[in-house]
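To start, the structure under review is shown below, and the notes come after it.
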Amino acid sequence: MSKRAFLFGLAVVAVLIFSLYRAKYGAQDTVAEIKNIEVQIEAAEAEHAELLAEFAHRSRQEWIEEFARRELGMVPARAEQFVRTVDLDGRVGPPMELPDPDTPVDREVQQ
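Residues in the sequence shown are numbered consecutively from 665, following my numbering.
Structure follows, in structure tokens:
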């Protein structure tokens, strides 16, 4: 009986040693993975800060006006381009009657 108990105890000790070994290296793998994720988080935070700074720069009114002039050829509206709503009919003509969208349109007749 003592030989069986000795072998059983030896097997239990072997299983415990193997479990301890796996736990130790599993913990080291987990620590390495956590460090890798922390590096990724730092990189994402740095990119986020950079994007916020760029957004702050590009959302300034001066930058938008400069971009609109340079890239789009836009200029500020002149005073004569502003019209009161009561004066619109005199500037652009009376409102047009739009056709009923349910009525079929004959393209040959219109051209």
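For every residue, glycine included, the Cβ atom is placed at its ideal position computed from N, Cα and C.
Nothing here was measured: the structure is a model prediction, and the numbers come from that model.
The alpha carbon of GLU744 has as its nearest neighbour, out of ARG755, PRO768 and LEU674, the alpha carbon of ARG755.
Secondary structure within the segment 699-762: the alpha helix (DSSP H) runs of 4 or more consecutive residues, fully enclosed, are 725-736 and 752-756 (chain order).
The three-state secondary structure of VAL769, taken from DSSP, is coil. ASP693 sits in a helix when the DSSP states are folded into three classes.
Between GLU697 and SER666, the alpha-carbon positions lie close to 46 Å from each other. About 6 Å separates the beta carbons of VAL739 and ARG733, which is inside the 8 Å limit, making them a contact pair. Between the alpha carbons of THR694 and ASN700 lies a gap of roughly 10 Å. Looking at the backbone, the Cα of GLY673 and that of LEU684 are separated by about 16 Å.
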